[in-house]
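**Student:** Just so you know, the protein sequences line up as chains A and B, in that order.
According to numbering that gives the first Met the number 0, the first sequence is numbered sequentially starting from 0.
According to numbering that gives the first Met the number 0, the second sequence is numbered sequentially starting from 0.
To start, I am sharing the structure in question, which I have written as structure tokens.
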Amino acid sequence: MLLVRGALLLAALLAVRVVVAGTLLDFSAQERRQIASFGPWPPQAQRDPSNRLSGNAAAVALGTRLFFDARLSPSGQIACVSCHQPNHGWADARQRARGLADLPRNTPALANLQLQRWFGWGGGADSLWMASLRPLLDPREFASSAAAIAGMYQRDPDLACLYRRAFGQGPAEGTDHETVLVNTAKALAAFQETLATGRAPFDEFRDAIARGDDAAAARYPRAAQQGLRLFIGRGNCIACHNGANFSNGEFSDVGVPYFIAPGKVDAGRHDDLQRLRASPYNLLGEHSDDAGRSSATATRHAVLEPRHWGEFRVPSLRNVAVSEPYMHNGSVPTLRDVVLHYSTLDESRIHASSQPLLRALRLSPEETDALVAFLETLTDAHGADRPRPPLPAACDPAGAAQER
Amino acid sequence: MTARLAALAAALLLPPSAIACEPPLRGEGVQKIEGQAHVVAWRAPTPLPLASFFSLEFAACARDGSRVEAPRIDATMPEHGHGMNYRPTIEALGNGRFRASGLLLHMPGRWQLSFTVGDETLRAALTVD
Numbered sequence: 000m001l002l003v004r005g006a007l008l009l010a011a012l013l014a015v016r017v018v019v020a021g022t023l024l025d026f027s028a029q030e031r032r033q034i035a036s037f038g039p040w041p042p043q044a045q046r047d048p049s050n051r052l053s054g055n056a057a058a059v060a061l062g063t064r065l066f067f068d069a070r071l072s073p074s075g076q077i078a079c080v081s082c083h084q085p086n087h088g089w090a091d092a093r094q095r096a097r098g099l100a101d102l103p104r105n106t107p108a109l110a111n112l113q114l115q116r117w118f119g120w121g122g123g124a125d126s127l128w129m130a131s132l133r134p135l136l137d138p139r140e141f142a143s144s145a146a147a148i149a150g151m152y153q154r155d156p157d158l159a160c161l162y163r164r165a166f167g168q169g170p171a172e173g174t175d176h177e178t179v180l181v182n183t184a185k186a187l188a189a190f191q192e193t194l195a196t197g198r199a200p201f202d203e204f205r206d207a208i209a210r211g212d213d214a215a216a217a218r219y220p221r222a223a224q225q226g227l228r229l230f231i232g233r234g235n236c237i238a239c240h241n242g243a244n245f246s247n248g249e250f251s252d253v254g255v256p257y258f259i260a261p262g263k264v265d266a267g268r269h270d271d272l273q274r275l276r277a278s279p280y281n282l283l284g285e286h287s288d289d290a291g292r293s294s295a296t297a298t299r300h301a302v303l304e305p306r307h308w309g310e311f312r313v314p315s316l317r318n319v320a321v322s323e324p325y326m327h328n329g330s331v332p333t334l335r336d337v338v339l340h341y342s343t344l345d346e347s348r349i350h351a352s353s354q355p356l357l358r359a360l361r362l363s364p365e366e367t368d369a370l371v372a373f374l375e376t377l378t379d380a381h382g383a384d385r386p387r388p389p390l391p392a393a394c395d396p397a398g399a400a401q402e403r
Numbered sequence: 000m001t002a003r004l005a006a007l008a009a010a011l012l013l014p015p016s017a018i019a020c021e022p023p024l025r026g027e028g029v030q031k032i033e034g035q036a037h038v039v040a041w042r043a044p045t046p047l048p049l050a051s052f053f054s055l056e057f058a059a060c061a062r063d064g065s066r067v068e069a070p071r072i073d074a075t076m077p078e079h080g081h082g083m084n085y086r087p088t089i090e091a092l093g094n095g096r097f098r099a100s101g102l103l104l105h106m107p108g109r110w111q112l113s114f115t116v117g118d119e120t121l122r123a124a125l126t127v128d
């Protein structure tokens, strides 16, 4: 009797183990290599050579203060945090951004920015500090100016003190307004570099696959495994969403309409690359701190071709489940809708000379569910509710002076 | 003297592709493409990086013994009908050797690398995982 009970108990435990542990799909060697290529996560932090304040704690403190400060707009109405809100994954959950006026594109979430080569949906900036500077001057966003930014420091000794601590020289000490503007953008960039997503359930699975621990890998939900197999297989999502950040950092036309108003289009990469080249703030310009211009490789070599018309930056999929709405114009409300977009893609909408690798996937409802399940596992524990950084304490002028 | 003249006459009668030239690049990982009028030897990083910039060293020689000048390099994905988003620059290292910088293959799959030397384009297949 005891033996029977013991056997039943063992059978029950094994059954539970099966439920807990799950099963691992028969991933091929090629699939395993592809899975491993999505990591490791987090990647090693890298400083931006074009920003001498990259990774500098004093600059991060100044940048944090500035990010939440609506005085960056002369009207006092707009701060960076107005659109990049920590409780919305450093975005705004709106279809399209709104500064002082409505804008045609969706607000991108701020995370893992050190891994990006281009910034903005059309790659109109080639550095994070340039991307931080551009909206300050845009009349639709902050509508500010170099003089207005410099004036903000003059009226706030504490802010000027933080600036002095970061740059070793006060904003009014033999510095022209243009330099103060660029330095302000570099401090904002130093802060934004600290915004990162943590490890997600997928990363545990990926690491288990990479070290050959199939028992640990089997804990990853089966639906997510099936979705992943579609992602790297028939769906060929990996063609653009590759690497640890799930983005090749380039641009693509995925059949999202470019019209922003009757008779008005957003040409995406095609126009933004031209704006970038014309800007004095690009990485080939005098404001880069990278004397050798090694960080300007992309800017120096980028080509402008007709196929770039209507292309937009391939976004990272890290935390994608909490960054709705989707696409450059925020026209796709949910993650499931994104998958359905690729499933029922209108191929005639894709620019004729663009990548014909995009085909309607024609997914079954089960496959759609599986792809969504996989994408959801790319979300870290914080999800959309990002930790809000503490604002820096009041600056001690004596300390800042000593640091000089 | 007669033998030399005979050799010269034979060389003149041979098709250009039969006249050997050796690009000055050797060693591990070097691959060679034999064209009608030129030969290119090249060496790419192993493995080829996906969606990251890399440089590539190559050398070229002309079968007629002429000097190779201003070669060009490009890469395309024939299956998808697109090329790179970047135009590489080429630095002459002397003696027929060159370094191409600013290459970035932004998608995994089969790429075609092409070297244009004079009027001739020589192609090689690349695979990026």
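Think of the CB as a built atom: it goes at the ideal place given N, C-alpha and C, for glycine as much as any other residue.
In chain A, which residues lie with their C-beta within 8 Å of the C-beta of B:Leu-125?
**Tutor:** Taking the first residue of the second sequence as 1, we reach residue 125 of chain B at position 126. By Cβ distance, chain A contributes nothing, its closest Cβ being about 16 Å from B:Leu-125, past 8 Å.
**Student:** If I follow the unbroken beta strand (DSSP E) through A:Arg-387, where does it start and stop?
**Tutor:** Position 388 of the first sequence holds residue 387 of chain A. Premise fails: A:Arg-387 is in no beta strand (DSSP E) and is neither H nor E.
**Student:** Assign A:Lys-185 to buried or exposed, taking buried as 16 or more other Cβ atoms, counted over all protein chains shown, within 10 Å of its Cβ.
**Tutor:** Locating residue 185 of chain A in the first sequence gives position 186, counting from the first residue. Counting Cβ neighbours within 10 Å, A:Lys-185 comes out buried, since at least 16 surround it.
**Student:** Beta-carbon of B:Ala-50 versus every beta-carbon of chain D: anything under 8 Å?
**Tutor:** Looking at the structure shown, chain D is missing, and the protein chains on hand are A and B.
**Student:** Using a Cβ-Cβ distance cut-off of 8 Å, determine whether B:Asp-128 contacts chain A.
**Tutor:** Here the question's residue 128 of chain B lines up with position 129 in the second sequence. Output row for B:Asp-128: interface = yes.
**Student:** How many angstroms separate the CA atom of B:Gly-28 from the CA atom of A:Tyr-280?
**Tutor:** Position 29 of the second sequence, counted from the first residue, corresponds to residue 28 of chain B. Position 281 of the first sequence, counted from the first residue, corresponds to residue 280 of chain A. Cα to Cα, B:Gly-28 sits roughly 40 Å from A:Tyr-280.
**Student:** Can you check DSSP and say which residues form a bridge with A:Ala-260?
**Tutor:** Counted from its first residue, the first sequence places residue 260 of chain A at position 261. DSSP, once it has assigned bridges, lists A:Lys-263 as partnering A:Ala-260.
**Student:** State the DSSP-derived secondary structure class of A:Asp-101, mapped to helix, strand or coil.
**Tutor:** Translated into the one-based positions of the first sequence, residue 101 of chain A becomes position 102. DSSP places A:Asp-101 in strand when its eight states are reduced to three.
**Student:** Any heavy atom of the ligand SAH closer than 7 Å to the CB of A:Phe-373?
**Tutor:** Of the ligands one can find in the structure shown there are none, so the ligand SAH has no counterpart to examine.
**Student:** How would you list, in chain order, the residues of chain B whose beta-carbon sits under 7 Å from the beta-carbon of A:Val-302?
**Tutor:** Here the question's residue 302 of chain A lines up with position 303 in the first sequence. Within 7 Å Cβ-Cβ: Asn-84, Tyr-85, Arg-86.
**Student:** With distances taken from CA atoms, which of A:Cys-239, A:Leu-65, A:Met-129, A:Cys-79 is nearest A:Tyr-162?
**Tutor:** Taking the first residue of the first sequence as position 1, residue 162 of chain A is located at position 163. When only C-alpha atoms are compared, the closest one is A:Leu-65.
**Student:** Among all the DSSP beta bridges, which residues are the ones paired with B:Thr-88?
**Tutor:** Looking up residue 88 of chain B in the second sequence gives position 89. Paired residues: B:Ser-100.
**Student:** Per DSSP, B:Asp-73 is paired with what?
**Tutor:** Taking the first residue of the second sequence as 1, we reach residue 73 of chain B at position 74. DSSP output for B:Asp-73 lists B:Ser-113 as bridge partner(s).
**Student:** Pick helix, strand or coil for A:Trp-128, following the three-state DSSP scheme.
**Tutor:** As a position in the first sequence, residue 128 of chain A is number 129, starting the count at 1. Here A:Trp-128 sits in helix by DSSP.
**Student:** Give the secondary structure of A:His-327 by DSSP, where H, G and I count as helix, E and B as strand, and everything else as coil.
**Tutor:** Sequence index remark: in the first sequence, residue 327 of chain A carries index 328 (1-based). Coil, per DSSP.
**Student:** Alpha carbon to alpha carbon, how far is A:Tyr-341 from A:Arg-358?
**Tutor:** On the first sequence, residue 341 of chain A is found 342 positions in, with the first residue counted as 1. On the first sequence, residue 358 of chain A is found 359 positions in, with the first residue counted as 1. Roughly 8 Å separates the two Cα atoms.
**Student:** Measure how close the beta-carbons of B:Ala-19 and B:Val-39 come, nearest whole angstrom, since I'm counting them as under 8 Å.
**Tutor:** Mapped onto the second sequence, residue 19 of chain B falls at position 20. Mapped onto the second sequence, residue 39 of chain B falls at position 40. Going by Cβ atoms, the distance from B:Ala-19 to B:Val-39 rounds to 14 Å, so no, they are not a contact pair.
**Student:** State yes or no: is the beta carbon of A:Thr-296 nearer than 8 Å to at least one beta carbon in chain B?
**Tutor:** Position 297 of the first sequence holds residue 296 of chain A. Judged by the 8 Å Cβ criterion, A:Thr-296 is in contact with chain B.
**Student:** Please name the residues in the segment 228-244 of chain A whose beta-carbon is closer than 8 Å to at least one beta-carbon of chain B, in chain order.
**Tutor:** Per Cβ criterion, the list reads Ile-237, Ala-238, Cys-239, Asn-241, Gly-242.
**Student:** With a threshold of 8 Å between beta-carbons, can B:Asp-118 be considered close to chain A, or not?
**Tutor:** Your numbering for residue 118 of chain B matches position 119 in the second sequence. Judged by the 8 Å Cβ criterion, B:Asp-118 is not in contact with chain A.
**Student:** So is A:Glu-366 in contact with chain B if we call contact Cβ pairs under 8 Å?
**Tutor:** Looking up residue 366 of chain A in the first sequence gives position 367. Not closer than 8 Å to any Cβ of chain B, the Cβ of A:Glu-366 fails to qualify, so no.
**Student:** Quick one: measure Cβ to Cβ for A:Asn-105 and A:Asn-244, integer angstroms, because I've assumed they're closer than 8 Å.
**Tutor:** Position 106 of the first sequence holds residue 105 of chain A. Position 245 of the first sequence holds residue 244 of chain A. Rounded, the Cβ-Cβ distance is 18 Å, inconsistent with contact.
**Student:** Check whether the Cβ of B:Pro-107 lies closer than 8 Å to any Cβ atom in chain A.
**Tutor:** Here residue 107 of chain B refers to the residue found at position 108 of the second sequence. Yes, B:Pro-107 counts as interfacial toward chain A.
**Student:** Please say whether B:Ala-43 and B:Leu-55 have beta carbons closer to each other than 8 Å?
**Tutor:** Along the second sequence, read from residue 1 onward, the residue named residue 55 of chain B stands at position 56. Along the second sequence, read from residue 1 onward, the residue named residue 43 of chain B stands at position 44. In this structure, B:Ala-43 lies closer than 8 Å to B:Leu-55 by Cβ.
**Student:** Any Cβ of chain B within less than 8 Å of the Cβ of A:Glu-249?
**Tutor:** Within the first sequence, the letter at position 250 stands for residue 249 of chain A. So yes, A:Glu-249 belongs to the interface.
**Student:** Hey, is B:Gly-28's beta-carbon within less than 8 Å of any beta-carbon in chain A?
**Tutor:** Here residue 28 of chain B refers to the residue found at position 29 when the second sequence is read from its first residue. Chain A contact via Cβ: absent.
**Student:** Within the same chain, show all residues whose beta-carbon is closer than 7 Å to that of A:Pro-170, passing over the 5 residues directly before and after it, in chain order.
**Tutor:** Position 171 of the first sequence holds residue 170 of chain A. Closer than 7 Å at Cβ, skipping near neighbours: Ala-149, Tyr-152, Ala-159, Tyr-162, Val-179.
**Student:** Determine the chain B residues that contact A:Leu-24 at a beta-carbon separation under 9 Å, and present them in chain order.
**Tutor:** Against the first sequence, residue 24 of chain A aligns to sequence position 25. Here the premise fails: no neighbours, minimum Cβ distance about 20 Å.
**Student:** On a CA-only basis, which of A:Phe-26, A:Ala-57, A:Pro-42, A:Ala-216 is nearest A:Cys-394? Give me that one, please.
**Tutor:** In the first sequence, counting from the first residue as 1, residue 394 of chain A sits at position 395. The shortest C-alpha separation from A:Cys-394 is found at A:Ala-57.
**Student:** Quick one: measure Cβ to Cβ for B:His-105 and B:Ala-36, integer angstroms, because I've assumed they're closer than 8 Å.
**Tutor:** Residue numbering aside, residue 105 of chain B sits at position 106 when the second sequence is read from its first letter. Residue numbering aside, residue 36 of chain B sits at position 37 when the second sequence is read from its first letter. Not confirmed; about 32 Å, so no contact.
**Student:** On the DSSP bridge list, what partners appear for A:Ser-278?
**Tutor:** Working through the first sequence from its first residue, we reach residue 278 of chain A at position 279. According to DSSP, A:Ser-278 bridges with nothing at all.
**Student:** If you draw a straight line from the C-alpha of A:Gly-254 to the C-alpha of A:Gly-123, how long is it?
**Tutor:** Mapped onto the first sequence, residue 254 of chain A falls at position 255. Mapped onto the first sequence, residue 123 of chain A falls at position 124. The alpha-carbon atoms of A:Gly-254 and A:Gly-123 are separated by roughly 21 Å.
**Student:** Within its chain, find whatever has a CB closer than 7 Å to the CB of A:Ala-216; leave out the 5 residues flanking it on each side and keep chain order.
**Tutor:** To locate residue 216 of chain A, count along the first sequence from 1; it is residue 217. Within the same chain, A:Ala-216 has close Cβ partners Leu-23, Phe-204, Ala-207, Ile-208.
**Student:** Got a sec? Which residues, its chain only, sit under 6 Å from A:His-269 by beta carbon, not counting five neighbours each side?
**Tutor:** To locate residue 269 of chain A, count along the first sequence from 1; it is residue 270. Within the same chain, A:His-269 has close Cβ partners His-307, Trp-308.
**Student:** Please go through the same chain and pick out, in chain order, the residues whose beta-carbon is closer than 7 Å to the beta-carbon of B:Ala-91, but skip the five residues on each side of it.
**Tutor:** Here residue 91 of chain B refers to the residue found at position 92 of the second sequence. Within the same chain, B:Ala-91 has close Cβ partners Phe-97.
**Student:** Hey, is A:Arg-32's beta-carbon within less than 8 Å of any beta-carbon in chain B?
**Tutor:** Your numbering for residue 32 of chain A matches position 33 in the first sequence. Yes, because at least one Cβ of chain B sits closer than 8 Å to the Cβ of A:Arg-32.
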